[in-house]
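Report on the structure given below.
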Amino acid sequence: MQNVYSVSWVNAYIRDMISQDFLLGSLYVKGEASNVKYHSSGHLYFTLKDGQGSMPCVMFAGNRGGLKFRLEEGNKIVVLGNVDVYERDGRYQLYAKEITLEGVGLLYEKFEQLKRQLEEMGMFDPMYKKEIPPYIKRLGVVTAPTGAAVRDIISITKRRNPGVEIILYPALVQGDGAPASIISGINALEELGVDVMIVGRGGGSIEDLWAFNEEAVAQAIFSSSVPIISAVGHETDTTIADFVADLRASTPSAAAELAVFEREEVKLRILEIQKRLQALMEMKIERERTRLTARAERLFALSPKAKLNEKRMSLLHMEERLESAMDKRLSDLKNLLALYAGKLDGASPLKKLESGYAFLRDKEGKRISHIDSLSVGKELSLYVTGGFADVTVTKLYKEKLQKAD
0 MQNVYSVSWV NAYIRDMISQ DFLLGSLYVK GEASNVKYHS SGHLYFTLKD
50 GQGSMPCVMF AGNRGGLKFR LEEGNKIVVL GNVDVYERDG RYQLYAKEIT
100 LEGVGLLYEK FEQLKRQLEE MGMFDPMYKK EIPPYIKRLG VVTAPTGAAV
150 RDIISITKRR NPGVEIILYP ALVQGDGAPA SIISGINALE ELGVDVMIVG
200 RGGGSIEDLW AFNEEAVAQA IFSSSVPIIS AVGHETDTTI ADFVADLRAS
250 TPSAAAELAV FEREEVKLRI LEIQKRLQAL MEMKIERERT RLTARAERLF
300 ALSPKAKLNE KRMSLLHMEE RLESAMDKRL SDLKNLLALY AGKLDGASPL
350 KKLESGYAFL RDKEGKRISH IDSLSVGKEL SLYVTGGFAD VTVTKLYKEK
400 LQKAD
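Under numbering that gives the first Met the number 0, the residues of the sequence shown are numbered 0 to 404, in order.
Shown next as structure tokens:
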């Protein structure tokens, strides 16, 4: 016999063959839902069928978070998933990851294709994103002239900064003419020179939001010289415009918050900066005042006037010391002079005369102090108290005088 294989081996082989097939790894399958069963475990079991065949399907509980409707019998749906073999039963089935109603599924597939195409072209690259100016004067809005979106944008803008001018381009945001109307609005506001643009609308189904998934609209947003904030639908809605725009806002209200600065907040920031500048200026002035004072003191110390004053004071001190020294010297000399005067006075012939003594001089003015200097007939001058007299020696007596006791 030729090789004989077990059932489980064949099932495993077939599973391996299917798992290696790229197409079966991720594909969209459309059909009508039947045999729908929500299991207590959270898993969803159903059969997908068309006029010629059927396919068992399962969506595990972990993937049901993205299911936005309750699957019912007879729903025309598109299922995204992978085909695999359940080895125990030896049958293949579709493991669903996403389930959308048929029309929505086709649009979603188209959305994914365009998204991949534009991403490959680089239109989502952050390097092309323009910065949203922090302080604007003119806000351009491309949206429907009525509805919650425009009311929210106007209300929030006026609340945050009444001075911002709002220029509304009333565009169609749904239907066949919507893409052309949105593009015209972007071009018109760009011509008017607004500072930033909000392009968007309120929430809706994927069909309602489809105008913002058109390639022409994406190209207009990408090519605009004015920064654009995309604000389409609710927070969970995502469009091609969101990826191309310079900034994506979850809602039109959030877009207004991002585009328009809070005037009161800016006032507070200005006051804070003013206080900081005032404090820095005062600190700088005080520092410079201290530095100036130090330099003034140094300059005063180096000033010729200060030097002159210093020398003048030194001279005054020297003058005082000199005067004091001179006074002392004069006092000492006066005392010495008085002493010498007293001694001189004591040795003065006049003093002797006043004591009863006489003083002799010859005619030549020589003092006669010894008998040997005299001769008979010699003329002399005799000085006594009160005057003098001329005398002539008539007789000489040489005797030894006795000292008085």
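Built from N, CA and C at the ideal position, the CB exists for glycine as well.
In whole angstroms, what separates the C-alpha of residue i from that of residue j?
| i | j | result |
| --- | --- | --- |
| L270 | R158 | 20 angstroms |
| D404 | M325 | With a pLDDT of only 49 at D404, under 50, the local geometry of the prediction cannot be trusted, and no value is derived from it. |
| D207 | M58 | 27 angstroms |
| R320 | E309 | 16 angstroms |
| G174 | E213 | 12 angstroms |
| V392 | R366 | 15 angstroms |
| F221 | A244 | 7 angstroms |
| F242 | A177 | 19 angstroms |
Roughly how far, in whole angstroms, is the beta-carbon of residue i from the beta-carbon of residue j, given that I think they are within contact range, below 8 angstroms?
| i | j | result |
| --- | --- | --- |
| A255 | I181 | In fact, because the Cβ distance is near 18 angstroms, the residues do not count as touching under 8 angstroms. |
| G146 | G201 | 6 angstroms |
| L335 | D361 | That pair is no contact at about 35 angstroms. |
| K397 | I370 | 6 angstroms |
| A170 | A143 | 7 angstroms |
| Y382 | F358 | 4 angstroms |
| L43 | R63 | 6 angstroms |
| G80 | K96 | 5 angstroms |
Mapping DSSP to helix, strand and coil, what is residue i?
| i | result |
| --- | --- |
| G100 | Sequence inspection shows Leu at residue 100; the Gly mentioned does not correspond to that position. L100 falls in the strand class under three-state DSSP. |
| P178 | helix |
| M58 | strand |
| D20 | coil |
| G341 | helix |
| D404 | Confidence is the limiting factor: at D404 the pLDDT is only 49, short of 50, which leaves the residue's position unreliable and the question unanswerable from this model. |
| Y12 | helix |
| K397 | coil |
| P169 | strand |
| Y85 | strand |
| L359 | strand |
Just grab the DSSP bridge partners of residue i for me.
| i | result |
| --- | --- |
| V198 | V141 and S229 |
| E378 | T391 |
| L79 | Y27 and E97 |
| K36 | Y44 |
| G386 | V383 |
| Y91 | V84 |
Examine the Cβ distances between the stretch 120-127 and the stretch 81-90 and report whether three or more of them are shorter than 8 angstroms.
-> No: fewer than three Cβ pairs fall under 8 angstroms.
Could you tell me whether the stretch 8-15 touches the stretch 57-71, using the rule of 3 or more Cβ pairs below 8 angstroms?
-> no
Just checking, does the stretch 264-279 make contact with the stretch 209-217 on the three C-beta pairs under 8 angstroms criterion?
-> no
Give a yes or no on contact between the stretch 154-174 and the stretch 104-113, applying the rule of three or more CB pairs nearer than 8 angstroms.
-> no
Touch test, the stretch 213-227 against the stretch 128-136, Cβ-Cβ under 8 angstroms, three pairs minimum | yes
Three-pair Cβ contact test at 8 angstroms for the stretch 26-33 versus the stretch 64-73 = yes
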